[in-house]
Structure formats: structure tokens, C-alpha cells
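To start, the structure under review is shown below, and the notes come after it.
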Amino acid sequence: MTAIARIFSNAIPAISPDVDILKMVAVFCGIGLIVSLMIASYGLDLSAGFF
């Protein structure tokens with residue numbers, strides 16, 4: 000992840016502050032996805048026999 004941010008900051012120095020914003024948006028989207036999956040699977044039997 001850091002390598003990708005470094006590549007973008009070296010290639011496009013004017014947009015480097017936007018990389019931090021995009022990283023924060025990606026983190027919040029990931030957290031929201033995980034929470035949504037946890038809420039959706041609440042009450043389901045996710046044991047090995049289920050699969």
C-alpha cells in the first residue's frame with residue numbers, strides 16, 4: 000500500500016494530498032463492508048458443516 004502511494008506521489012506531485020484522502024475513504028469503505036457483512040451474517044450458522 001505504501002509503495003502504491005509513493006508511486007503516485009512521485010508521478011503526480013500535485014495530487015499527493017489527495018492520496019491521503021483516497022486512503023481514508025478506502026479505509027472507511029472497508030470498515031463499512033466488514034460491518035455490513037457481520038450484520039448480514041448475524042444469526043446464520045457459519046460452522047464447517049454449513050459449507
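For the sequence shown, numbering that gives the first Met the number 0 gives the first residue as 0, with consecutive numbering after it.
C-beta atoms are modelled at their ideal positions from N, C-alpha and C, and glycine is treated no differently.
Which of helix, strand or coil DSSP assigns to residue i
{"i": "Gly31", "result": "helix"}
{"i": "Leu36", "result": "helix"}
{"i": "Asp44", "result": "coil"}
Residues near residue i by beta carbon distance below 8 Å, same chain, minus five either side
{"i": "Asp44", "result": "none"}
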